[in-house]
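Asks: Supplied in structure tokens, the structure appears directly below.
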């Protein structure tokens with residue numbers, strides 16, 4: 002059985018509240034304060050769950066630098082009160098960063114538009 006430390010429990014709570022505040026900020030027409038608060042909670046919760054060193058290693062791997070820059074740049078844009086552009090950039094970075102995780106990969110492929118060349122009416 003996997004043991005969960007108190008820091009990891011706090012991290013799950015912080016990340017959960019971060020996701021809640023981001024979704025609530027989107028629901029309230031991109032309220033920049035809620036989005037910024039949710040972003041800060043999510044990133045700090047991630048640091049509590051996997052640790053500071055692993056979080057820094059996760060974000061700053063050579064093959065993930067572009068996606069990390071997009072995600073953290075989106076967070077910075079939200080903090081600078083440009084919530085719509087920031088959330089677009091952040092979503093792009095989030096999908097690229099967490100694409101290796103099965104649930105994100107499944108959701109991304111589920112929401113992707115279909116390839117029209119694969120439709121039965123286009124086959125010869």
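Residue numbers (this note's numbering): 2 to 125.
All C-beta atoms, glycine included, are put in the ideal place defined by N, C-alpha and C.
None of these values were measured; they are calculated from a predicted model.
Who are the Cβ neighbours of residue 19 in its own chain at under 6 Å, not counting the five residues just before and after it?
Replies: Numbered from its first residue, the chain shown carries residue 19 at position 18. Closer than 6 Å at the Cβ level, and outside the excluded window around residue 19, lie 39, 42, 43 and 46.
Asks: Quick check: residue 35 and residue 21, are their CB atoms within less than 7 Å of each other?
Replies: Along the chain shown, one-based indexing puts residue 35 at 34. Along the chain shown, one-based indexing puts residue 21 at 20. No. Outside cutoff.
Asks: Around the Cβ of residue 66, are there at least 16 other Cβ atoms within 10 angstroms (buried) or fewer (exposed)?
Replies: Within the chain shown, the letter at position 65 stands for residue 66. By the neighbour-count rule (16 or more Cβ atoms within 10 Å), residue 66 is not buried but exposed.
Asks: Closer than 8 Å is the cut-off here; do at least three beta carbon pairs connect the region 87-104 with the region 68-78?
Replies: Because the criterion of three Cβ pairs below 8 Å is met, the region 87-104 and the region 68-78 touch.
Asks: Looking at residue 78: is its Cβ nearer than 7 Å to the Cβ of residue 86?
Replies: The residue given as residue 78 occupies position 77 in the chain shown. The residue given as residue 86 occupies position 85 in the chain shown. Result yes, Cβ atoms of residue 78 and residue 86 sit closer than 7 Å.
Asks: Please classify residue 14: is it buried, with 16 or more other beta-carbons within 10 angstroms of its beta-carbon, or exposed?
Replies: Here residue 14 refers to the residue found at position 13 when the chain shown is read from its first residue. Flag for residue 14 reads exposed.
Asks: Give the single residue among 103, 12 and 91 whose Cα lies nearest to the Cα of residue 48.
Replies: Taking the first residue of the chain shown as 1, we reach residue 48 at position 47. Measuring from the Cα of residue 48, the nearest candidate turns out to be 12.
Asks: Classify residue 60: buried if its beta carbon has 16 or more other beta carbons within 10 angstroms, exposed otherwise.
Replies: Position 59 of the chain shown, counting from 1, holds the residue named residue 60. When all chains shown are included, residue 60 counts as buried.
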